[in-house]
């Protein structure tokens, strides 16, 4: 597990990329929580609006990003935003052969965003290469987006 954070101007930059841009649109949204005057809980499981079978188990962030934006827009910042992103199922085999899930947890609170990574394996293994590959991928993504983060120790 990798834990890192950004604060100050990096928070604004990151939030504009997540909420206003498409950088995370291909990630699944597994769950979320937004605290404004009330607490909104988001279940990322996909449902078919037209009554047919859902193609995916979880919604892609790009499909629900506008809904989240509508919840948080206004003059006051939310007290807290928690989002659990996951690498889309189609990309998992390219990440690692034993990857069942790869998560990026984001918590915005007190003017700071904290991130943690996590993985789940298809079969038990003491091998940590899945964690290493996922952490490296996330570091690379943040570098490509120009987001400076600090590793938490």
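Residue numbers (this note's numbering): 1496 to 1648.
Every residue gets a Cβ at the ideal spot worked out from N, C-alpha and C, and that includes glycine.
From a predicted model like this one, the values you see are computed outputs, not experimental measurements.
Going by DSSP in three states, residue i sits in which element: helix, strand or coil?
i            : result
residue 1580 : strand
residue 1589 : helix
residue 1628 : helix
residue 1509 : helix
residue 1640 : helix
residue 1566 : helix
residue 1623 : coil
residue 1503 : coil
residue 1613 : strand
residue 1520 : coil
residue 1645 : strand
residue 1514 : helix
residue 1634 : helix
residue 1551 : coil
Straight-line CA distance for residue i to residue j?
i            : j            : result
residue 1614 : residue 1550 : 23 Å
residue 1562 : residue 1599 : 20 Å
residue 1534 : residue 1519 : 23 Å
residue 1532 : residue 1575 : 11 Å
residue 1591 : residue 1568 : 38 Å
residue 1618 : residue 1638 : 31 Å
residue 1508 : residue 1625 : 29 Å
residue 1629 : residue 1622 : 13 Å
residue 1605 : residue 1570 : 16 Å
residue 1557 : residue 1635 : 21 Å
residue 1537 : residue 1543 : 16 Å
Given a cut-off of 7 Å, decide if residue j and residue i are closer than it, judged by their beta-carbon atoms.
i            : j            : result
residue 1525 : residue 1503 : no
residue 1496 : residue 1611 : yes
residue 1608 : residue 1506 : yes
residue 1578 : residue 1527 : yes
residue 1566 : residue 1529 : yes
residue 1581 : residue 1587 : no
residue 1501 : residue 1644 : yes
Could you say which of the options lies nearest to residue i if we only look at CA atoms?
i            : options                   : result
residue 1584 : 1573, 1576 and 1597       : 1597
residue 1522 : 1532, 1559 and 1531       : 1559
residue 1447 : 1647, 1537, 1620 and 1589 : Any property of residue 1447 remains undetermined from this structure, which presents the chain solely from 1496 to 1648.
When the cut-off is 7 Å and only beta carbons count, does residue i lie next to chain C?
i            : result
residue 1538 : The structure shown contains no chain C; it holds only a single protein chain.
Roughly how far, in whole angstroms, is the beta-carbon of residue i from the beta-carbon of residue j, given that I think they are within contact range, below 8 Å?
i            : j            : result
residue 1564 : residue 1514 : 5 Å
residue 1640 : residue 1555 : That belief does not hold up - the Cβ atoms of residue 1640 and residue 1555 are roughly 18 Å apart, past 8 Å.
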